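J.: Chains as they are written, first to last, in the working numbering: chain A, -19 to 234; chain B, 422 to 739.
Even glycine gets a Cβ: it sits at the ideal position worked out from N, Cα and C.
No experiment lies behind these values; they were computed from the predicted model shown.
The structure's right below; bear with me while I get my questions together.
The structure is reproduced here in structure tokens:
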């Protein structure tokens, strides 16, 4: 698909009917605010063959919100998160995508800020603070410019703005069944020398659910990923700052 | 006056004097900057005989009779020093006739306590907004309080801020900024501020002790100043449970024309209270809806400008 200037908010969904309305509402609010700034956008949901009634909710989505472009891509069989995200990237109408998992929510007021940062810097990946909400006190994720310790453990969530051509040129998300596709794409972008930018503002809210996927990455998989990328001269960057920090109202901050 | 000050025998420093000011360029900029500003701002008759040293360089130098260690814990944890270097450093500081520790830490915290795990200090210079009462174990240590005022060069900037606050303050695009190492308290603060005005700046990097440098992705002083120059409220909470006012944050805010706001459920009162300690975000929201912030900036600038500049105030201690 030809990708024009603008933003597609991409929600991959698999059996998250209970959480979808929260994510969708935040996305639509964000898109309306972008529209007010003259930026084109769409909400693109990729349903990965859900079996929890998500389809019934998604069928009516476009009819309920006629003021915003809403599309749903239906996958006939479950392909996994990485492949569902890649489907979204290839179907997106616009050059930038905001990756929003179905159980999270965007801070709509700040989407314009992040979009500006992505455009003004030309970053392949633009991210910002995520509040982790759950039973305990709020915590913050994705909260600083990327440092080389990302090779040991990922601390930047996939909830971010991606430059779609840059992501696809890097191979998109890993589609073999695994749970570290976010980290793997980040490493491949770094290996290609892509610009990764942190914006010191709140991008959204990360709702920690009992048994959420983020808790399940096995150590063997983590070790494997480290070995793969250790061969790529990445170990020599240890101790270095890899990403940059930018705020549209201030300019470069790191 | 804190009890620890009463009856203390304070060393006298004849002026001009030979003085080595030690700081670490590799740990965090706050103290490095304080040391540099202090040295640059010393009165003309002090400057020729006062030397400013990045600590690794000082190891090879002949020490002055008086040594001013700015943030001892930072010096001892400078990543460029080996364990052996730190032993040499300690011994060399101890060989000086006068060994003065200069810090801006809250009494009762680990950060304060760590400063005394080292040389035998002959005096303590506490930089801040209010003098503090030293713990009993340090009661015999001569104590001098240095008000954290602007330097001569910074006074002109502050005067400009004072003159233009009323018109400039409301035009700033960023409603608030919270900057500091990530803690649960700061995350909760940002969550509350985001409920009020979502488009504030929150920079809460992971705590990496002794690594607060721009090459580790931390803000330099100049970058913080650029950020605060676009910001209305520079908001913070302490990392600890003690009641203490972080004067350095207030000065950084004012020099950039931002309104410093500390949130503390136990606000300081009395004639010395800085006036920018509010109890919670709800109070801040009401405060922000008035013209009081610009007036507070003007008042705080006037208070700081009424005091002698940093270097002169330091010289006057001796």
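Any Cβ of chain B within less than 8 Å of the Cβ of residue 195/A?
T.: The residue given as residue 195/A occupies position 215 in the first chain. Here residue 195/A scores only 49 on pLDDT, less than 50, and its place in the model is too uncertain to base an answer on.
J.: If you follow the beta strand (DSSP E) that residue 108/A is in, where does it begin and where does it stop?
T.: Position 128 of the first chain holds residue 108/A. That run of the beta strand (DSSP E) goes 105 to 113.
J.: Could you give the uninterrupted runs of the alpha helix (DSSP H) lying entirely in the region 552 to 609 of chain B, keeping only those of 4 residues or more?
T.: List check, alpha helix (DSSP H) in window: 573 to 589.
J.: Any Cβ of chain A within less than 8 Å of the Cβ of residue 446/B?
T.: By 1-based counting over the second chain, the position of residue 446/B is 25. False, the Cβ-Cβ gap to chain A never drops below 8 Å.
J.: Using the beta-carbon of each residue, which ones in chain E are nearer than 9 Å to residue 7/A?
T.: The structure shown contains no chain E; the protein chains it does contain are A and B.
J.: Under 8 Å, do residue 76/A and residue 142/A count as touching if we go by C-beta distance?
T.: By one-based count along the first chain, residue 76/A stands at place 96. By one-based count along the first chain, residue 142/A stands at place 162. Result yes, Cβ atoms of residue 76/A and residue 142/A sit closer than 8 Å.
J.: Would you say residue 221/A faces chain B, with C-beta separation under 8 Å as the test?
T.: Counting from one through the first chain, the residue named residue 221/A turns up at place 241. With 8 Å as the cut-off, residue 221/A counts as an interface residue toward chain B.
J.: Report yes if the C-beta distance between residue 231/A and residue 176/A is below 8 Å; otherwise report no.
T.: Along the first chain, one-based indexing puts residue 231/A at 251. Along the first chain, one-based indexing puts residue 176/A at 196. Not in contact: residue 231/A and residue 176/A (Cβ atoms no closer than 8 Å).
J.: Opposite residue 545/B in the DSSP bridges: which residues?
T.: Numbered from 1 along the second chain, position 124 holds the residue referred to as residue 545/B. Answer is 522/B, 564/B, bridged to residue 545/B.
J.: According to a CB-to-CB cut-off of less than 7 Å, which residues of the region 106 to 138 of chain A neighbour chain B?
T.: Residues 109, 111, 117, 118, 119, 120, 123, 124, 125, 127.
J.: Measure the C-alpha to C-alpha separation of residue 165/A and residue 616/B and round it to an integer number of angstroms.
T.: Residue mapping note: residue 165/A aligns to position 185 of the first chain, counting from 1. Residue mapping note: residue 616/B aligns to position 195 of the second chain, counting from 1. Each residue's Cα considered, the two are about 32 Å apart.
J.: Thinking just about the alpha-carbon of each residue, which of 117/A, 111/A, 44/A, 134/A is nearest to the one in residue 209/A?
T.: Start at 1 with the first residue of the first chain, and residue 209/A comes out as number 229. Per the Cα distances, 134/A.
J.: Locate the alpha helix (DSSP H) running through residue 36/A, then write down its first and last residues.
T.: On the first chain, position 56 is the one that residue 36/A refers to. Segment 34 to 39, the alpha helix (DSSP H) holding residue 36/A.
J.: My parser needs the beta strand (DSSP E) runs of 3 or more residues fully inside the region 458 to 530 of chain B; what are they?
T.: Segments of the beta strand (DSSP E) lying fully in the region 458 to 530 of chain B: 471 to 475, 487 to 491, 519 to 524.
J.: Can you pull the chain B neighbours of residue 230/A, defined as C-beta to C-beta under 7 Å?
T.: The residue you call residue 230/A lines up with position 250 of the first chain. Result: 647, 648, 651.
J.: Can you confirm whether residue 625/B, when its beta carbon is compared against all beta carbons of chain A, has any partner nearer than 8 Å?
T.: As a position in the second chain, residue 625/B is number 204, starting the count at 1. Yes, because at least one Cβ of chain A sits closer than 8 Å to the Cβ of residue 625/B.
J.: CB-CB under 7 Å to residue 484/B, same chain, minus the five flanking residues each way: which ones, in chain order?
T.: Here residue 484/B is taken as the residue at index 63 of the second chain, counted from 1. These residues qualify, in order along the chain: 441, 513, 516, 517.
J.: Rounded to the nearest angstrom, how far is the Cβ of residue 14/A from that of residue -13/A, given a contact under 8 Å?
T.: Sequence index remark: in the first chain, residue 14/A carries index 34 (1-based). Sequence index remark: in the first chain, residue -13/A carries index 7 (1-based). The pair is a contact, with the Cβ atoms about 6 Å apart (cut-off 8 Å).
J.: Do the CB positions of residue 680/B and residue 653/B come within less than 8 Å of each other?
T.: By one-based count along the second chain, residue 680/B stands at place 259. By one-based count along the second chain, residue 653/B stands at place 232. Yes, Cβ-Cβ distance for residue 680/B and residue 653/B is below 8 Å.
J.: What residues from chain A crowd round residue 636/B, counting only those whose CB sits closer than 7 Å?
T.: Mapped onto the second chain, residue 636/B falls at position 215. Ordered by position in chain A, the residues that pass the 7 Å Cβ test against residue 636/B are 221.
J.: With 8 Å set as the bound, which would you pick, yes or no: does the beta-carbon of residue 225/A sit closer than that to a beta-carbon of chain B?
T.: Position 245 of the first chain, counted from the first residue, corresponds to residue 225/A. With 8 Å as the cut-off, residue 225/A counts as an interface residue toward chain B.
J.: Looking at the ligand GDP, does it come within less than 7 Å of residue 11/A, judged from the CB to the closest heavy atom?
T.: Of ligands this structure carries none, so the ligand GDP is not represented either.
J.: Of all the options 84/A, 63/A, 44/A, 46/A, which has the alpha carbon lying nearest to the alpha carbon of residue 148/A?
T.: Along the first chain, read from residue 1 onward, the residue named residue 148/A stands at position 168. Among 84/A, 63/A, 44/A, 46/A, the Cα nearest to that of residue 148/A belongs to 63/A.
J.: Using a Cβ cut-off of 8 Å, which residues of the region 695 to 708 of chain B contact any Cβ in chain A, in chain order?
T.: Cβ contacts with chain A come from no residue of the region 695 to 708 of chain B.
J.: Under 8 Å between beta-carbons, which chain B residues line up against residue 87/A? List them in chain order, please.
T.: The count along the first chain starts at 1 and reaches residue 87/A at position 107. Neighbours of residue 87/A on chain B, chain order: 615, 619.
J.: Can you tell me whether residue 46/A is buried or exposed, with buried defined as 16 or more other CB within 10 angstroms of its CB?
T.: Locating residue 46/A in the first chain gives position 66, counting from the first residue. The residue is exposed, with fewer than 16 neighbouring Cβ atoms inside 10 Å.
J.: Verify the CB distance criterion: does residue 611/B have a CB-CB separation below 8 Å to chain A?
T.: Translated into positions along the second chain, residue 611/B becomes position 190. So, interface residue.
J.: What are the partner residues of residue -8/A, as DSSP defines its beta bridges?
T.: Numbered from its first residue, the first chain carries residue -8/A at position 12. Its beta-bridge partners are 26/A.
J.: Could you tell me which of 671/B, 461/B, 555/B, 635/B sits nearest to residue 219/A, measuring between CA atoms?
T.: The sequence position of residue 219/A within the first chain is 239, counting from 1. Nearest option by C-alpha distance: 635/B.
J.: If the cut is a Cβ gap below 8 Å, which residues of chain A does residue 715/B touch?
T.: The residue labelled residue 715/B in the question sits at position 294 within the second chain. Those within 8 Å of residue 715/B in chain A number zero; the least Cβ separation is about 20 Å.
J.: Taking only three categories from DSSP, how would you classify residue 49/A?
T.: Here the question's residue 49/A lines up with position 69 in the first chain. Strand.
J.: Measuring straight from C-alpha to C-alpha, what distance separates residue 24/A and residue 119/A?
T.: By 1-based counting over the first chain, the position of residue 24/A is 44. By 1-based counting over the first chain, the position of residue 119/A is 139. Computed Cα separation, rounded: 28 Å.
J.: Give me the residue from 11/A, 94/A, -4/A with the minimum Cα distance to residue 35/A.
T.: Taking the first residue of the first chain as position 1, residue 35/A is located at position 55. Closest option to residue 35/A, Cα to Cα, is -4/A.
J.: Cβ closer than 7 Å: which chain A residues qualify as neighbours of residue 622/B?
T.: As a position in the second chain, residue 622/B is number 201, starting the count at 1. Those are 180, 181, 227, listed as they occur along chain A.
J.: Applying the criterion that 16 or more other CB atoms from any shown protein chain within 10 Å of the CB defines a buried residue, is residue -16/A buried or exposed?
T.: If you number the first chain from 1, residue -16/A lands on position 4. Exposed, by the Cβ-count rule.
J.: When the Cα atoms are used, what is the spatial distance from residue 153/A to residue -6/A?
T.: Counting from 1 along the first chain, the entry for residue 153/A is found at position 173. Counting from 1 along the first chain, the entry for residue -6/A is found at position 14. Using only the alpha carbons, I get a separation of about 17 Å.
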